[in-house]
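I have placed the structure first, in the form of structure tokens, so that the comments after it can refer back to it.
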Amino acid sequence: MNARTRWAVIWAGWVAYFCIAETIAVRSRQPYAPLCAYLRPALGAGGSRVHRAAGTVVVGTAVAWFIPHVFKGGANA
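For the sequence shown, the residue numbers in numbering that gives the first Met the number 0 are 0 to 76.
Written out as structure tokens, the structure is:
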């Protein structure tokens, strides 16, 4: 198995694990089980204006980094 295939298996496994874990969390109907239950307070949803603004900056920065990273080839560019 070459390095590209190995990493494809690792990332596919990670995505599959996350999807399964999130599905189980949502179906459990427990309010603090899904990932969003932790992300909303951390990113300031429902919090003060400053906290919400900081969360918006964090999400915006992550998206601004991720889009070029994917479409320009990331570390291989």
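Just so it is clear, CB atoms sit at the ideal spot from N, CA and C, and this is done for glycine as well.
- The Cβ atoms of A63 and G54 do not sit closer than 9 angstroms to each other.
- V69 and W6 have their C-alpha atoms some 15 angstroms from each other.
- With respect to the 9 angstroms criterion, P30 and E21 are not classified as neighbours on the basis of their beta carbons.
- The beta carbon of V25 sits closer than 6 angstroms to those of P33, all from its chain and outside the five residues before and after it, given in chain order.
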